[in-house]
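> To start, I am sharing the structure in question, which I have written as structure tokens.
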Amino acid sequence: MNSIHPFDALIPAPFSVEKRDGTIAPANLKTLHADPEFSGLAEEFVRLAAVFGIRLAVSSDPDADLVLRRNDSLEAEGWSIRVEPASILLESAGRAGMFYAFSAFAQMLFAAEIRGPASAVLPCGAVTDRPRFAWRSFLLDSARHFQTPATVKAVIRLLAHFRLNTFHWHLTDGQGWRIATDTVPPEANTAELTAGQYTRGELRDVAEFAAQHGIRIVPEIDIPGHSRGLLKACPQYACDPMSPGSEFCLGNPETIPFLKKVFAELLDIFPDSPVIHMGGDEADTAHWEKCPRCLAAMKASGCRDMRELENRFMIEMTRFLVERGRTPMLWGTCSGQTYPPDTILQSWLDIREPLRIAPNGNKIVYSIHNSLYFDYPENPSEPFETWMFELSEKGVYMTDPYITWEEKVKDAIFGTEACLWTEMVPEWRVMRKILPRLGAYAECAWSLPEKKLWHDYLRRKELLEAAGYYDYLLENCREKGKK
Ligand code: ACM
Ligand code: ZN
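Everything in the sequence shown is counted per the working numbering, starting at 5 for the first residue and increasing by one.
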């Protein structure tokens with residue numbers, strides 16, 4: 005394979021590229037100047053340059069060889085890199101954009117250096133970039149298998165490197181309750197597959213780390229199902245305390261006040277998270293249908309069935325968030341429920357679901373399992389469960405949130421999310437499940453469809469891999485995660 009022009013080596017593919025005559029040798033970059041708000045990123049550039057044996061000195065002179073400058077005419081997450089014969093200018097309207105410029109610059113350097121440091125040059129020209137979708141998210145399930153805060157931070161940094169901006173943190177499930185709170189007793193953390201719980205301090209520290217990388221955290225407590233551990237510890241909130249199961253009792257008048265206390269603590273731990281996920285998926289109606297209190301509540305509220313009662317229950321819970329200035333997010337389901345229009349729905353199961361949901365006015369995050377669930381095996385030689393489909397890197401790449409929908413549905417879909425569930429993924433498998441498919445996913449979330457070409461992506465990925473970029477990424481993310 006021939007070398008690729010460094011502007012053509014980027015993942016995800018950028019919005020526009022302009023190539024000019026002339027070059028600059030990275031080895032000639034001696035000084036770096038950063039506008040004050042980017043001074044924290046200067047150290048990142050110095051360390052990146054050091055990987056290639058280049059000693060960059062931070063300078064107060066705005067005429068430095070490498071300049072990080074604020075440019076308010078760019079979009080919120082947009083960025084640009086302009087390469088001139090004697091200097092390189094990186095611009096963005098904010099910190100997230102400058103981190104993206106940093107990560108793109110890293111890819112350019114690896115692509116340039118593959119011919120050997122002595123021949124490495126960056127050609128002149130400009131790359132200007134901005135995202136296709138405002139919501140570019142990745143879910144990590146820390147409930148089934150726990151990950152240390154260092155691993156969680158490494159994942160978050162990896163997301164930022166691929167220009168993603170949202171980290172959906174699945175913190176509770178039947179197999180583990182990973183939030184140390186005052187309201188929920190420690191026994192709720194059955195920790196069936198691995199031990200571990202995050203203290204408030206650790207959760208806040210991870211949130212701070214994410215914010216520094218331009219990433220919003222969407223913490224999730226999954227109700228009214230997926231709650232087996234909690235209900236074992238607090239059986240009074242189950243339909244049958246002798247056999248609590250996984251669902252909260254919808255007819256117990258104490259359930260909602262208890263859950264509001266639990267969520268109030270979550271809001272306190274994550275004061276800067278505008279969106280809070282309340283789950284809402286896969287609750288089994290069997291316990292409710294046999295429970296006198298649930299049956300009485302269904303009758304009293306005039307609901308036709310338990311799904312409708314569940315819907316009422318979730319509406320009341322989502323209102324609790326709205327009253328506190330947060331946006332609720334829920335898993336969409338196939339059961340035809342309707343939610344308040346200010347709820348974001350995450351479509352995961354049914355490819356037709358967005359068509360049904362859009363008329364209610366909800367915004368939709370596209371997350372259909374057979375294209376975006378990273379627990380599914382990339383190839384059949386990996387361990388996997390019977391419920392999983394095969395999901396190759398190409399399968400991820402071919403995903404397009406808009407591909408099948410009518411215009412009015414496109415308006416509702418404002419982003420996408422890939423998910424790493426961890427029933428089969430202990431901490432040591434996390435990174436190998438995420439890479440390399442994350443790059444393919446990032447291109448679906450960030451790049452315009454007309455910039456997406458599978459073979460072109462493969463060429464870029466192969467070059468960056470051969471150049472050592474993916475090794476650098478892993479090392480860089482792990483190292484930063486420890487801090
Ligand atoms: C889900 O996969 N149960 C959201
Ligand atoms: Zn009940």
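Even glycine gets a Cβ: it sits at the ideal position worked out from N, Cα and C.
Entirely within the segment 317-372 and at least 3 residues each: give me those beta strand (DSSP E) ranges in chain order.
331-335, 348-351, 367-370
> Just to confirm the assignment, what range does the beta strand (DSSP E) spanning Glu-22 have?
On the sequence shown, position 18 is the one that residue 22 refers to. That run of the beta strand (DSSP E) goes 20-28.
> Suppose contacts are defined by Cβ-Cβ distances below 8 Å. Is Met-310 in contact with Glu-293 by that definition?
As a first step, residue 310 must be located in the sequence shown, where it is residue number 306. As a first step, residue 293 must be located in the sequence shown, where it is residue number 289. Yes, the pair counts as a contact, with Cβ atoms nearer than the cut-off.
> Would Val-87 and Leu-126 be called neighbours here (beta carbons separated by less than 8 Å)?
For this step, residue 87 is matched to residue 83 along the sequence shown. For this step, residue 126 is matched to residue 122 along the sequence shown. Less than 8 Å separates the beta-carbon of Val-87 from that of Leu-126.
> On the premise that Glu-357 lies in contact with Gly-336, defined as a C-beta separation below 8 Å, what is that separation, rounded to the nearest angstrom?
Numbered from its first residue, the sequence shown carries residue 336 at position 332. Numbered from its first residue, the sequence shown carries residue 357 at position 353. Approximately 5 Å separates the beta-carbon atoms of Gly-336 and Glu-357; this is inside 8 Å, confirming the contact.
> In the DSSP output, what is His-291 paired with across the bridge?
Sequence index remark: in the sequence shown, residue 291 carries index 287 (1-based). His-291 pairs with nothing; no bridge assigned.
> Could I get the ranges of all uninterrupted alpha helix (DSSP H) runs contained in the segment 403-463, with 4 residues as the minimum, in chain order?
411-416, 434-438, 441-450
> Please confirm if the segment 166-176 is in contact with the segment 439-451, defined as three or more CB-CB distances below 8 Å between the two stretches.
Touching, yes.
> Give the single residue among Ala-90, Ser-77, Ser-96, Ser-91 whose Cα lies nearest to the Cα of Ser-84.
Here residue 84 is taken as the residue at index 80 of the sequence shown, counted from 1. Checked all of Ala-90, Ser-77, Ser-96, Ser-91; the closest Cα to Ser-84 is Ser-96.
> For the beta strand (DSSP E) that His-165 lies in, which residues bound it at each end?
Taking the first residue of the sequence shown as 1, we reach residue 165 at position 161. Careful: His-165 lies outside any beta strand (DSSP E), inside the alpha helix (DSSP H) at 153-165.
> Use the C-beta contact count for Trp-352: other C-beta atoms within 10 angstroms, 16 or more gives buried, fewer gives exposed.
Here the question's residue 352 lines up with position 348 in the sequence shown. The residue in question, Trp-352, is buried, as its Cβ has 16 or more Cβ neighbours within 10 Å.
> Pull up the CB-CB distance for Ala-31 and Pro-121, whole angstroms please, since I reckon it's below 8 Å.
Residue numbering aside, residue 31 sits at position 27 when the sequence shown is read from its first letter. Residue numbering aside, residue 121 sits at position 117 when the sequence shown is read from its first letter. With a Cβ gap of about 7 Å, Ala-31 and Pro-121 count as contacting.
> Beta-carbon within less than 8 Å of Lys-320's beta-carbon, same chain only, minus the 5 sequence neighbours each way: which residues are those?
The residue given as residue 320 occupies position 316 in the sequence shown. It is Glu, not Lys, that sits at residue 320 in the sequence shown. Same-chain partners within the cutoff: Ile-260.
> What does a CB cutoff of less than 6 Å around Ala-403 pick up in its chain, not counting 5 residues either side in sequence?
Position 399 of the sequence shown, counted from the first residue, corresponds to residue 403. In the sequence under discussion, the amino acid at residue 403 is Thr, which differs from the Ala named in the question. So the list reads Ser-375, Cys-448, once near-sequence residues are dropped.
> In its own chain, which residues sit with a C-beta less than 6 Å from the C-beta of Glu-48, not counting the 5 before and 5 after it?
Position 44 of the sequence shown, counted from the first residue, corresponds to residue 48. Contacts found: Phe-106.
> In whole angstroms, give me the CA-to-CA distance for Gln-240 and Ile-160.
Here the question's residue 240 lines up with position 236 in the sequence shown. Here the question's residue 160 lines up with position 156 in the sequence shown. When rounded, the separation of the alpha-carbon atoms in Gln-240 and Ile-160 is 37 Å.
> On the CB-based measure, 16 or more other CB atoms within 10 Å of its CB, does Glu-117 come out buried or exposed?
In the sequence shown, residue 117 corresponds to position 113, counting from 1. Classification for Glu-117: buried.
> Is it the case that the Cβ atoms of Thr-420 and Ser-371 are separated by a distance below 8 Å?
Counting from 1 along the sequence shown, the entry for residue 420 is found at position 416. Counting from 1 along the sequence shown, the entry for residue 371 is found at position 367. For Thr-420 and Ser-371, yes; Cβs fall inside 8 Å.
> Please give me, in chain order, every unbroken run of the beta strand (DSSP E) with length at least 3 that falls completely inside the segment 96-136.
DSSP runs (the beta strand (DSSP E)) wholly in the segment 96-136: 126-133.
> Only counting the same chain, and skipping five residues up and downstream in sequence, which positions put a Cβ closer than 6 Å to that of Asn-480?
Here residue 480 corresponds to residue number 476 of the sequence shown, with the count starting at 1. No residues qualify anywhere along the chain.
> Quick check on Trp-173: buried or exposed, where buried means 16 or more other Cβ atoms within 10 Å of its Cβ?
In the sequence shown, counting from the first residue as 1, residue 173 sits at position 169. Counting Cβ neighbours within 10 Å, Trp-173 comes out buried, since at least 16 surround it.
> Considering Cα atoms alone, identify which of Pro-430, Leu-439, Arg-220, Ile-221 is closest to Thr-198.
Your numbering for residue 198 matches position 194 in the sequence shown. Of the candidates Pro-430, Leu-439, Arg-220, Ile-221, the one whose C-alpha sits nearest the C-alpha of Thr-198 is Pro-430.
> For the ligand ZN, I want to know if Gly-229 counts as a neighbour, meaning its beta carbon is within less than 7 Å of at least one of the ligand's heavy atoms.
Residue numbering aside, residue 229 sits at position 225 when the sequence shown is read from its first letter. For the ligand ZN, not one heavy atom lies less than 7 Å from the Cβ of Gly-229.
> Output needed for Phe-114: all residues of its chain with C-beta closer than 8 Å, excluding positions within five of it in sequence on either side, in chain order.
Reading the sequence shown from its first residue, position 110 is the one you call residue 114. Here the set comprises Ala-13, Leu-468, Ala-471, Gly-472, Tyr-473, Tyr-476.
> Quick check on Arg-308: buried or exposed, where buried means 16 or more other Cβ atoms within 10 Å of its Cβ?
Position 304 of the sequence shown, counted from the first residue, corresponds to residue 308. Looking at its Cβ environment, which holds fewer than 16 other Cβ atoms inside 10 Å, Arg-308 is exposed.
> Taking its Cβ as the centre, do 16 or more other Cβ atoms sit within 10 Å of Phe-393, making it buried, or is it exposed?
Reading the sequence shown from its first residue, position 389 is the one you call residue 393. Answer is exposed; the Cβ neighbour count stays below 16.
> Sort Gly-233, Phe-19, Gly-306, Arg-140 by Cα distance to Ala-130 and report the nearest one.
The residue you call residue 130 lines up with position 126 of the sequence shown. The residue from Gly-233, Phe-19, Gly-306, Arg-140 with its alpha-carbon nearest to that of Ala-130 is Phe-19.
> Could you spell out where the beta strand (DSSP E) holding Ser-141 opens and where it closes?
Translated into the one-based positions of the sequence shown, residue 141 becomes position 137. In the DSSP assignment, Ser-141 falls within the beta strand (DSSP E) that extends over 139-145.
> Can you grab the Cα-Cα spacing for the pair Pro-296 / Gly-255, in whole Å?
Translated into the one-based positions of the sequence shown, residue 296 becomes position 292. Translated into the one-based positions of the sequence shown, residue 255 becomes position 251. Near 8 Å, if we compare the C-alpha coordinates of Gly-255 and Pro-296.
> Can you name the start and end residues of the beta strand (DSSP E) that Val-71 belongs to?
Locating residue 71 in the sequence shown gives position 67, counting from the first residue. That run of the beta strand (DSSP E) goes 70-74.
> Taking C-alpha atoms, which residue in Asp-133, Leu-235, Thr-155 lies nearest to Ala-80?
Here residue 80 is taken as the residue at index 76 of the sequence shown, counted from 1. Closest by alpha carbon: Asp-133.
> What residue from Ile-28, Ala-184, Arg-73 has the CA that sits closest to Ala-38's CA?
Your numbering for residue 38 matches position 34 in the sequence shown. Among Ile-28, Ala-184, Arg-73, the Cα nearest to that of Ala-38 is on Arg-73.
> Examine the Cβ distances between the segment 221-234 and the segment 270-278 and report whether three or more of them are shorter than 8 Å.
With three or more CB-CB distances shorter than 8 Å, the segment 221-234 counts as touching the segment 270-278.
> Going by Cα to Cα distance, which pick from Ile-280, Glu-410, Pro-405 is closest to Phe-418?
As a position in the sequence shown, residue 418 is number 414, starting the count at 1. It is Pro-405 whose Cα lies nearest to the Cα of Phe-418.
> Using three-state DSSP, classify Arg-59 as helix, strand or coil.
Start at 1 with the first residue of the sequence shown, and residue 59 comes out as number 55. Coil, per DSSP.
> Distance check for Asp-69 and Ile-8, CA to CA, integer angstroms please.
Residue 8 sits at position 4 when you count from the first residue of the sequence shown. Residue 69 sits at position 65 when you count from the first residue of the sequence shown. So the alpha carbons of these two residues sit roughly 24 Å apart.
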